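Residue numbers (this note's numbering), protein chains in the order written: chain A, 23 to 278; chain B, 23 to 278.
Glycine is no exception: its CB is placed at the ideal position from the N, C-alpha and C atoms.
It should be emphasised that the depicted structure is a prediction, and the values quoted were computed from it without experimental measurement.
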């Protein structure tokens, strides 16, 4: 995987500070959550109890910054284009490197991301409007509770994609096979049934129109663990900036 | 699931102190590992990194003794027929209840067990000699390393079942679908290839003969996490006694 190493090298040297949507499209990108060890058991158990929203790609040892399974020789302190730093649950700053925040006490969680299943849907000829329109996918807080672990609790966040009615079965079958990229959808059709009162006003990302021959399809979203972790107000939490993901060496077949 | 509740009631009152092999055969039984919280993150991460030997059925919150997912109303302190107590990695005693050991600091791990896939094999008409002969399955330490986490490391332990050559493909297909009961085999045929020098001398359990028309088939075994955890010499570790498993309310379809 020479090209992913080259890409991460560009990120490391500051040559690439942009979003990663569409970069190395057949490659697994991940959400990043970094927490002090005192929160690590509760958060790992939260991920284990909520596998659809928090599919684990790799968890690093405390203090470890090389993802030896998913991206050997990478450095999680420098190889994400942009990081968000949160202190006591409050946004503190956006940064290009976290070397100055690093300590042996920090545990890195790499969690699956919908980019993987979007690639599979596009390959099957299922169009995705937010990609056609170069928008962020629309994301919503729902009335579905996550399974609590320690201080980590809160509502499930979903992403929504309008799918043509005659391709809905295909979209369920295709994504059901990618369990570590959120898997099958959680709901199809009626936003109110999962607590979304106004589909035109997403909580994160941008709304895209739903046509007559389409239904809105809702998948568990990787924003869930970040939202939940923030609510628990850890002393320090570091994440990627939304859209600026970590690019691994894995291909989607590796995480089936 | 009235009958599993009734069974656990018998265990709780001391009416049942026997092995659980064959009890409620269509029901998921689990390995039990209980550790103080200081070891819980490293051990949970060990399970996450070694899903074939340590498939997680349920992890309880620190201090929690009711497995609300797999067996609501059960009490893990009293509902296992026999427990082994280890102190600093050394066997201390076998006991029928762990109420006097319990504290809010203890974390319970329920891990998948081969009873589930044995049931599926038998249903497909694949005979299992150790069951025919009322023996414990033969288990071996291998030269396959587990993925380390913190102090937890050591060789993978496998269980061996002789399978008729014309049913080997079926046995792979059937068990591959039961990922949380150890999944597909790790090796077929040549014990030396995985570091087993004398197939007639298992490290645990009892040897059964391998006939001319059979091959030995090796699956990852739930003894692995116990062996690995013991090697790390935790101050306290509580497990079920081998063969005296925890009977849940789940059926195999629940853990697919």
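By the rule that beta-carbons nearer than 7 Å mark a contact, residue 67 of chain B touches chain A.
For the pair residue 131 of chain A and residue 55 of chain A, the CB atoms are nearer than the 7 Å cut-off.
Residue 138 of chain B is positioned such that its CB atom lies no closer than 7 Å to that of residue 33 of chain B.
Contact between residue 246 of chain A and residue 136 of chain A is absent: CB atoms are separated by about 12 Å, not below the 8 Å threshold. Annotation: the continuous beta strand (DSSP E) that includes residue 58 of chain A extends over 49-58.
Below the 7 Å Cβ cutoff, chain A contributes 67 and 70 as neighbours of residue 81 of chain B, in chain order. In this structure, residue 260 of chain B and residue 78 of chain B do not form a Cβ contact; the two beta carbons are roughly 18 Å apart against a cut-off of 8 Å.
By alpha-carbon distance to residue 53 of chain A, the top candidate from A:63, A:69 and A:232 is A:69.
Taking C-beta separations shorter than 6 Å and ignoring five residues to either side along the sequence, the partners of residue 206 of chain A in its chain run 194, 197 and 198, following chain order. Comparing alpha carbon positions, the residue from B:211, B:97 and B:201 closest to residue 185 of chain B is B:211.
The C-beta of residue 251 of chain B comes no closer than 7 Å to any C-beta of chain A. Restricted to the stretch 174-258 of chain A, the beta strand (DSSP E) segments that are unbroken, complete and at least 3 residues in length are 177-186 and 236-242, listed in chain order. Contact between the stretch 158-166 of chain A and the stretch 221-229 of chain A is established, with three or more Cβ pairs separated by less than 8 Å. Using a Cβ distance threshold of 7 Å, residue 183 of chain B and residue 150 of chain B count as a contacting pair.
Residue 103 of chain B is positioned such that its CB atom lies no closer than 7 Å to that of residue 96 of chain B.
For residue 243 of chain A and residue 155 of chain B, the gap between their C-alpha atoms comes out near 50 Å. The Cβ-Cβ distance between residue 116 of chain A and residue 263 of chain A falls below 7 Å. Each of A:172, A:148, A:214 and A:45 was checked against the Cα of residue 67 of chain A, and the nearest Cα belongs to A:172. Between residue 87 of chain B and residue 38 of chain B, the beta carbon gap of about 19 Å keeps them out of contact (Cβ cut-off 8 Å). Contact of residue 47 of chain B with chain A is not assigned, every C-beta pair being separated by 7 Å or more. Inter-residue distance for residue 177 of chain B and residue 163 of chain B is about 6 Å (C-alpha atoms, whole angstroms).
For residue 272 of chain A, the enclosing beta strand (DSSP E) has its first and last residue at 268-273. What residue 62 of chain B touches in chain A, judged by beta-carbon distance under 7 Å, is 63, going in chain order. Taking the C-beta atoms as reference points, residue 215 of chain A is found no nearer than 7 Å to residue 111 of chain A. For residue 131 of chain A, no alpha helix (DSSP H) encloses it; the enclosing beta strand (DSSP E) starts and ends at 128-134. Nearest in C-alpha terms to residue 92 of chain A, of all of A:36, A:81 and A:85, is A:81. Its Cα nearest to that of residue 213 of chain A, the residue A:239 stands out among A:143, A:239, A:235 and A:85.
About 19 Å separates the beta carbon of residue 277 of chain B from that of residue 44 of chain B, a gap too long to meet the 8 Å contact definition. Counting along the chain, residue 117 of chain A sits inside the beta strand (DSSP E) bounded by residues 112-117.
At the C-beta level, residue 65 of chain A and residue 62 of chain B stay beyond 7 Å of one another. In the three-state scheme derived from DSSP, where H, G and I count as helix and E and B as strand, residue 121 of chain B is classed as helix. Beta-bridge annotation (DSSP): residue 105 of chain A is paired with A:117 and A:262. Neighbours of residue 78 of chain A in chain B, taken as residues whose beta carbon is under 9 Å from its own, are 70 in chain order.
Look at residue 138 of chain A here: in three-state DSSP terms it is helix.
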